[in-house]
Amino acid sequence: MGFLISRLGQTILVLFVAAFVSFALFRYVGDPVNNMVGQAASLADREAMRQALGLDDPTLLQFGRFVGQAVQGDFGISYRFGQPVAQLLAERFPATLELSIVAMIIATGLGIPLGVWTALHRGSWIAQALLTLSLIGVALPTFLIGIVLILVFSVWLGWLPSFGRGEVVSIGGWTTGLLTWTGIKALILPSITLGVFQLTLIMRLARAEMLEIMRSDFIRFAKARGLRRRTIEYGHALRNTLVPVVTIVGLQFGNVFAFSIIVETVFQWPGLGLLIIQAIQFADVPLLAAYLVLIAFCFAVINLAVDVLYAWIDPRVRAAGMGRSAA
Amino acid sequence: MSALLEVENLRVEIAARARRLVAIDDVSFSIPEGEVLGVVGESGAGKSVTGTAILGLLERPAYQAGGRIVFRGNRIDNLDGEAMRALRGREIAAVFQDPLTSLDPLMTIGAQLVETMLTHLPIDRQEAWTRAHRLLAEVGIPAPRERLQSYPHELSGGMRQRVVLALAFCCEPKLIIADEPTTALDVSIQAQVLDLLKRMCRERGTAVMLVTHDMGVIAEAADRVAVMYAGRLVEIGPTSEILRAAAHPYTQGLMASIPTMRRRGGDLLQIPGSMPRPDAPVPGCAFHPRCSHVMDRCRSERPSSFVSGASLAACWLAEHGAPAARPRP
């Protein structure tokens, strides 16, 4: 319990720092008054605007106000879209989250078993072939994989859509594409594209860890105890392999979520990545600042989840009350 | 008394790039039921490899290239993997050097004991936990019921080695291969663990192959001693006789290099030179480059084992039963 509280404290600290960075971005990159009143405004008008917005207040007070509003979900109005930033993000968030989750499920669901299998069947030609394939997966740029998949499955075979999200169903403000057939079909290519690199990374890591563990003393002793092979491989070796793999999966999930921009661009996926590309092009500072906080929040939540998972797997972490942090 | 374990002409090779290196060369010995056979030698002499071969745990690139291992009258070195697995832990158990790394860090010690027993014994889970509790008490772990739920990292090194002993004894094996069981422990703990091992073996009539480089451990615990050098068995005999009057010059050198109270303050005696590595084998007797009694034939002809008193020694000096030169004063 103390473990959880200390972790929560750290999480809040990280969020606070992220909030300050995005606040500074909002406050000091360009003059917000300029953006709002236009070229024709007089100096007096600007001063009045400044006062009305509270921009003359001490920095700390302004930051306090920013945090106070952020906690209530108020990140201001987007310059580009003229809508509340929070609303824009909320509309796009489910699309990116679903894409990232499905991509990571593919990556872990295949990566860990493949890594373990190639470790246990070291030297077999299938394992060698899989390893060679995984190298290609590591080396190929994501957008190229996406384009090739589109070419094969959308253009040549015509099986799957090449862009968009298909039909979505809205459940209490959360739009999901997982409940319609077109939604699921639309999700396949982008999630594979996003997941391939992660899959190969997780597979190679799981393989290396598994090989390492299989050489360790306690596995040798487990063999000397006459335990069955399955028990040794899956009961002892696999569990020990998962400890470092969980960390990487967590970190990579954060990355996948934050940097889905390329895949969303290739597939015109209506998620955060596409929104942020537009925001960057138009220097939409409120939107960017809010996005920064949101990403920091996601990373913090994932880290917290990894730490909890870590403690659940590894009694040494539980005892120490402090684990190796994932970040 | 018939031998529990017989090792006959064991040869272990290591497949290196272009050639095969010989790790164990023509080693034969036997262990009667209930006996503690100490196996000594420098590191790299092949002690651990011999133990590993008996357990059937040699791993590539090492493999058994010749000889036979017979356990309770049945040959075991050619058993298939599953039959050998069923024997391991059940009939032949092991204790390894480092208690800190011998246990699965993610599993409670109770679960590891129960898992081992359920693998080999026809008992149910509840019975296994009862036995696990009893075993922990027997190996001298305080508050055994609570300790069943402990993870390895919560125990000290000495306590963990006691747990390893409990694991080795949990299925009442006939033979235990103990590979440097006390080497990694604090000196103050070593004697305790060794005493515990001796006591448990005596009570159960368990035989032990006690691999060590520590002559003190041998003197303390072994009934007989086998001395290995460069993958060969150079001398084997009753502990008292080996300690008192070793026949092989190498064994004499080993004995002379033990620090004693009487020689305190003086320089420690040591054997000059170093043991040949498997990739640079020596013709004739492997010890001849370091031997102070070396003769011409030692350089070309490999000595077989000759009877010397109650011992066997692989040395030309012992060929005619003549006592070898006494150790240097």
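Read top to bottom, the protein sequences are chains B and L. Number 247 in UniProt numbering belongs to position 247 of the first sequence; there are no gaps in the numbering. Number 239 in UniProt numbering belongs to position 239 of the second sequence; there are no gaps in the numbering. Think of the CB as a built atom: it goes at the ideal place given N, C-alpha and C, for glycine as much as any other residue.
- Within the DSSP bridge table, the entry for Arg232 of chain L names L:Tyr229 as partners.
- Nearest CB-CB separation between Ala224 of chain B and chain L: below the 8 Å threshold.
- Residue contact with chain L for Arg239 of chain B: present (Cβ-Cβ distance below 8 Å to some residue of chain L).
- Per the DSSP secondary-structure output, Ser311 of chain L pairs in a beta bridge with L:Ser308.
- Using a Cβ-Cβ distance cut-off of 8 Å, the stretch 31–41 of chain L and the stretch 91–101 of chain L are not in contact, since fewer than three pairs of beta carbons, one from each stretch, lie closer than that value.
- Counting only the Cα atoms, Ile147 of chain B lies some 40 Å from Val71 of chain B.
- Look at Phe3 of chain B: its C-beta is not under 8 Å from any C-beta on chain L.
- Annotation: Ala178 of chain L has no Cβ neighbours in chain B at a cutoff of 8 Å; minimum Cβ distance is about 11 Å.
- Secondary structure note for Asp217 of chain B: it is in no beta strand (DSSP E), and the uninterrupted alpha helix (DSSP H) holding it is 217–224.
- In the structure shown, Ala93 of chain L falls within a strand segment according to DSSP collapsed to helix, strand and coil.
- For Tyr250 of chain L, the uninterrupted alpha helix (DSSP H) run begins and ends at 249–256, by DSSP.
- The stretch 282–296 of chain B and the stretch 59–77 of chain B touch, with no fewer than 3 CB-CB distances between them shorter than 8 Å.
- At a cut-off of 8 Å between beta carbons, His121 of chain B makes no contact with chain L.
- Counted as a single uninterrupted DSSP element, the stretch harbouring Met275 of chain L is not any alpha helix (DSSP H), since DSSP gives it neither H nor E.
- Under DSSP, Ala3 of chain L shares a beta bridge with L:Pro32.
- Of all alpha-carbon atoms in B:Gly226, B:Thr59, B:Ala279, B:Gln268, the one lying nearest the alpha-carbon of Arg80 of chain B is that of B:Ala279.
- Annotated as proximal: Lys174 of chain L and Leu4 of chain L, with beta-carbon spacing under 8 Å.
- With at least 16 other beta carbons inside 10 angstroms of its own, Glu235 of chain L counts as buried.
- Contact annotation: Leu210 of chain L and Ala178 of chain L have beta-carbon atoms nearer than 8 Å.
- As a beta-bridge residue in DSSP terms, Ser170 of chain B pairs with B:Thr175.
- Per DSSP, reduced to three states, the secondary structure at Val139 of chain L is coil, with no helix or strand assignment.
- Taking C-beta atoms under 8 Å as the contact rule, Thr119 of chain L and Gly89 of chain L qualify, at a distance of about 7 Å.
- What Ser216 of chain B touches in chain L, judged by beta-carbon distance under 9 Å, is Thr101, going in chain order.
- Ile202 of chain B is a Cβ neighbour of Ile248 of chain B, given a cutoff of 8 Å.
- In this structure, Gly41 of chain L lies away from His288 of chain L, with their beta-carbon atoms at least 8 Å apart.
- If you draw a straight line from the Cα of Phe282 of chain B to the Cα of Phe257 of chain B, it comes to about 22 Å.
- Around Val196 of chain B, the same chain offers Gly137, Ile145 as residues with beta carbons nearer than 7 Å, after the five sequence neighbours per side are excluded.
- Between the alpha carbons of Leu135 of chain L and Gln161 of chain L lies a distance of about 13 Å.
- Sorting L:Ser274, L:Thr239, L:Asp296 by C-alpha distance to the C-alpha of Gly309 of chain L places L:Thr239 at the top.
- Contacts between Leu55 of chain L and chain B, judged by CB atoms closer than 9 Å, involve Lys223, Ala224 in chain order.
- Counted as a single uninterrupted DSSP element, the beta strand (DSSP E) harbouring Arg68 of chain L occupies residues 62–71.
- Neighbours of Asp314 of chain B in chain L, taken as residues at a C-beta separation under 8 Å, are given in chain order as Pro105, Leu106.
- In the DSSP assignment, Ala178 of chain L falls within the beta strand (DSSP E) that extends over 175–179.
- Collapsing the DSSP output to three states places Pro270 of chain B in coil.
- Leu149 of chain B has its alpha-carbon roughly 7 Å from the corresponding atom of Leu189 of chain B.
- Contacts between Asp98 of chain L and chain B, judged by CB atoms closer than 9 Å, involve Asp217 in chain order.
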